[in-house]
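Below: the structure, in structure tokens.
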Amino acid sequence: MTKQITTRFAPSPTGYIHIGNVRSAIYPYLIAKQSGGTFILRIEDTDQARYVEGATDLIKSTLQWLGLDWDEGPEVGGPHGPYFQTERLELYHQWARKLIAAGRAYADPTPSETIAAYRAADQAAKIPYLYRNHRPTQTPEWHPGIPLRFKSEPKNYQWQDLVMGDLKTGPEVLDDIVLIKADGLPTYNFAHIIDDLEMGVTHICRGVEYLSSMPNYLALYEALGVERPYFISLPHILAPNGNKKLGKRDGAKSVDLYRQEGILPEAMLNFLACLGWNDGTEQELYTKEELITKFRIDHIQNSGAHFDEVKLLWTNGQWIRRLFDEQGIDQFYPRTIDFWPEVATSAPEEYKKRVLSIIYDRLKTLSDLRAMTDYFFVDPKINLAELTTNKFLKKFSETELGQLLTTSIDALKQLQTWDATSIQNTLNQLLVDTGKKTAELFSLIRISVSFAPFSPALDLTLDVLGRETVLARLGAVRTAILRD
RNA sequence: GGUCUCGUAGUAUAACGGUUAGUACAUCGGGUUUUCAUCCCGACAACGCGGGUUCGACUCCCGCCGAGAUCACCA
Numbered sequence: 001m002t003k004q005i006t007t008r009f010a011p012s013p014t015g016y017i018h019i020g021n022v023r024s025a026i027y028p029y030l031i032a033k034q035s036g037g038t039f040i041l042r043i044e045d046t047d048q049a050r051y052v053e054g055a056t057d058l059i060k061s062t063l064q065w066l067g068l069d070w071d072e073g074p075e076v077g078g079p080h081g082p083y084f085q086t087e088r089l090e091l092y093h094q095w096a097r098k099l100i101a102a103g104r105a106y107a108d109p110t111p112s113e114t115i116a117a118y119r120a121a122d123q124a125a126k127i128p129y130l131y132r133n134h135r136p137t138q139t140p141e142w143h144p145g146i147p148l149r150f151k152s153e154p155k156n157y158q159w160q161d162l163v164m165g166d167l168k169t170g171p172e173v174l175d176d177i178v179l180i181k182a183d184g185l186p187t188y189n190f191a192h193i194i195d196d197l198e199m200g201v202t203h204i205c206r207g208v209e210y211l212s213s214m215p216n217y218l219a220l221y222e223a224l225g226v227e228r229p230y231f232i233s234l235p236h237i238l239a240p241n242g243n244k245k246l247g248k249r250d251g252a253k254s255v256d257l258y259r260q261e262g263i264l265p266e267a268m269l270n271f272l273a274c275l276g277w278n279d280g281t282e283q284e285l286y287t288k289e290e291l292i293t294k295f296r297i298d299h300i301q302n303s304g305a306h307f308d309e310v311k312l313l314w315t316n317g318q319w320i321r322r323l324f325d326e327q328g329i330d331q332f333y334p335r336t337i338d339f340w341p342e343v344a345t346s347a348p349e350e351y352k353k354r355v356l357s358i359i360y361d362r363l364k365t366l367s368d369l370r371a372m373t374d375y376f377f378v379d380p381k382i383n384l385a386e387l388t389t390n391k392f393l394k395k396f397s398e399t400e401l402g403q404l405l406t407t408s409i410d411a412l413k414q415l416q417t418w419d420a421t422s423i424q425n426t427l428n429q430l431l432v433d434t435g436k437k438t439a440e441l442f443s444l445i446r447i448s449v450s451f452a453p454f455s456p457a458l459d460l461t462l463d464v465l466g467r468e469t470v471l472a473r474l475g476a477v478r479t480a481i482l483r484d
């Protein structure tokens, strides 16, 4: 059995979780779970300017929807709380004082205008801007209202990344990063290290954009005298076009929006997990449980992956069929209740279940129900042009179409029992009697009862619509076409 | 510009020195009594470039080119 792993997802409450960043919740979840370990949710709310009201709730509900239950964090609590960084300030200050005592941190009285001038001057001189080259000579005692900086010691660093492999950098990137801001709140750079340490996080999963900050983090671990955790850098999810990482600016939709559009959480989890990871087999569909057991850190891709919404839709269609077939109509139906067209609102549940059972296999998203099922609930608007211009029907005169409808109505009227098999038998007999081709007769009837671009198999459609409705609609079309 | 990362079909990926470079989505054909979808069958389509190492390189090494990330009192 593998050693128990603790991971975390640590978002800032600055907005919704979108497609581009949700994977950094999924992977750590899978990694923790497969070792029987702990998955922590921590809210990194130290940036007061970017704080968005309600964002935390949105983050929580998105994770819950995906089935990524956290073992420690908001709501559930845990032994390492609190799980909001703004409630952990004393902790950061304690560790900060240790660094000051060790001579590895200093209060920086330099006004921001001066700092900006340093940067501008360095850039003008075409030399790398490093704050440590401008380190103030006189540093006051640290007190609230003044930023605290790390006192860096330039050197080489090497480390292992479980995805990227062995990495190393020179001293150029080490700098006197700000640990605690003037407002008394820690920066991410400092806070996450303290939190991961205090919370017992063994594996840090985060986007590759943090790779360039690694030397500074390594220096911090060293100065703090603590052991490094394992590092797992996740490559970016890229926008469909171009090679830019998918962000809100590029139209990354929120995960919640996909939920509203009828994407199933199973499909979303499956799709995202497999975007940048595979288990080496040709399996395409994974349940959450399968992902947990089969996930392998060393199979995480190390290049970015483009987000392909078409494949998401395909995956979703697969999951709709799979869940329906496995669970049956009664278990599956509740998932669809928010996705029916308005005209179906007052329709009985049993009827909607029958409609669902004949149409589910052509849904890509649950919201397709809205566009595909209207005619089951309300008589469609008769549009004769759809008949007269149909590629199979345009060769017939309106009189001929009317007669064909009459013959069909008469035959269907004769039916003793109204079920799919009987209907199919009658339709087959009609083909023989009229001498028409399947495409001709079936198109006529199908269009006449639905006036929809597509519908389920004709026998099933007529069965669900019911005798009264079918005969009434065919009659109405006949009347219209003959009068015309 | 400095530092770092990445590079197999349109997209996601398999291959871990020897294969006709496999699979899925997409696309294009065909089949399943009409349509749409499912399902099935088939087709198209890729190792960024150049050097090495080796009997042999998508796989190892070097260079180049291309793409990206990061250089905040944001995370």
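Counting from 1, one number per residue, gives the positions in the first sequence under the working numbering.
Ideal placement from N, C-alpha and C gives every residue a C-beta, glycine not left out.
Please read all numbers here as calculations on a predicted model, not as lab measurements.
Nearest residue (CA-CA) to residue i, options the options
{"i": "Y360", "options": "S303, Q429, L257 and Q318", "result": "Q318"}
{"i": "E153", "options": "W159, G170 and D166", "result": "G170"}
{"i": "I180", "options": "E172, I193 and L174", "result": "I193"}
{"i": "E440", "options": "T406, K394, V470 and Q416", "result": "K394"}
{"i": "N428", "options": "V310, D459, W277 and A452", "result": "D459"}
{"i": "H380", "options": "W418, S455, G165 and Y217", "result": "Residue identity differs from the one stated: residue 380 is Pro in this sequence, not His. The shortest C-alpha separation from P380 is found at S455."}
{"i": "K413", "options": "I382, Q331, P28 and G466", "result": "G466"}
{"i": "K168", "options": "L218, P140 and E141", "result": "L218"}
{"i": "M199", "options": "T56, L356, G78 and L275", "result": "G78"}
{"i": "R88", "options": "K294, A182 and P186", "result": "P186"}
{"i": "I22", "options": "L41, S357, G54 and A116", "result": "The question names Ile, yet the displayed sequence has Val at residue 22. Of the listed residues, the one whose Cα sits closest to V22 is L41."}
{"i": "N156", "options": "F451, A25, F392 and N216", "result": "N216"}
{"i": "P13", "options": "Y29, S61 and G276", "result": "S61"}
{"i": "R8", "options": "Q123, Y29 and Y16", "result": "Y29"}
{"i": "D433", "options": "A452, S443, D410 and Q416", "result": "D410"}
{"i": "G103", "options": "Y286, E141, T293 and T281", "result": "E141"}
{"i": "A25", "options": "A55, Q34, S35 and W70", "result": "W70"}
{"i": "K294", "options": "I423, Q34, V343 and L58", "result": "Q34"}
Residue i versus residue j: straight-line alpha-carbon distance, rounded
{"i": "F324", "j": "K288", "result": "17 Å"}
{"i": "E290", "j": "G207", "result": "24 Å"}
{"i": "A32", "j": "H18", "result": "22 Å"}
{"i": "N390", "j": "D298", "result": "56 Å"}
{"i": "A121", "j": "G262", "result": "54 Å"}
{"i": "P341", "j": "D463", "result": "21 Å"}
{"i": "I337", "j": "I329", "result": "12 Å"}
{"i": "F190", "j": "R135", "result": "19 Å"}
{"i": "K126", "j": "Q158", "result": "27 Å"}
{"i": "R228", "j": "S367", "result": "47 Å"}
{"i": "A10", "j": "I447", "result": "54 Å"}
{"i": "V470", "j": "I320", "result": "29 Å"}
{"i": "Y188", "j": "A273", "result": "26 Å"}
{"i": "L224", "j": "L99", "result": "7 Å"}
{"i": "E113", "j": "Y27", "result": "42 Å"}
{"i": "L384", "j": "G435", "result": "23 Å"}
{"i": "A105", "j": "T365", "result": "54 Å"}
{"i": "F150", "j": "I300", "result": "33 Å"}
{"i": "V310", "j": "I237", "result": "15 Å"}
{"i": "G165", "j": "E222", "result": "21 Å"}
Residue i classed as buried or exposed, judged by whether at least 16 other C-beta atoms fall within 10 angstroms
{"i": "M1", "result": "With a pLDDT of only 47 at M1, under 50, the local geometry of the prediction cannot be trusted, and no value is derived from it."}
{"i": "G73", "result": "buried"}
{"i": "T315", "result": "buried"}
{"i": "G37", "result": "buried"}
{"i": "S303", "result": "exposed"}
{"i": "L257", "result": "exposed"}
{"i": "G85", "result": "Here residue 85 is Gln; the residue named in the question, Gly, does not match the sequence. Answer is buried; the Cβ neighbour count reaches 16."}
{"i": "R296", "result": "exposed"}
{"i": "K487", "result": "The structure shown does not extend to residue 487, since the chain is modelled only from 1 through 484, so no value can be given for it."}
{"i": "G20", "result": "buried"}
{"i": "A457", "result": "exposed"}
**Prompt:** Counting pairs of Cβ atoms below 8 Å between the region 400–415 and the region 469–477, do you hit three or more?
**Reply:** A contact is defined here as three or more CB-CB pairs under 8 Å, and the region 400–415 meets this definition with respect to the region 469–477.
**Prompt:** Can at least three beta-carbon pairs, one atom from the region 117–137 and one from the region 231–245, be found at a separation below 8 Å?
**Reply:** The answer is no - the region 231–245 does not touch the region 117–137, with fewer than three Cβ pairs under 8 Å.
**Entirely enclosed beta strand (DSSP E) segments - the region 339–409, minimum 3 residues** = Assignment of beta strand (DSSP E) within the region 339–409, counting only whole runs of 3 or more residues, yields no such run.
**Asked** Which runs of the alpha helix (DSSP H) spanning at least 4 residues fall entirely within the region 197–244, listed in chain order?
**Response** 214–224
**Asked** Quick one: any contact between the region 240–248 and the region 32–50, if contact means 3 or more CB pairs under 8 Å?
**Response** no
**Asked** For the region 264–277 against the region 56–75, are there 3 or more C-beta pairs whose distance is under 8 Å?
**Response** yes
**Request:** Let me know the alpha helix (DSSP H) ranges lying completely inside the region 66–132, each 4 residues or longer, listed in chain order.
**Result:** Counting only unbroken stretches of 4 or more residues, the alpha helix (DSSP H) elements lying wholly within the region 66–132 are 89–101 and 112–124, in sequence order.
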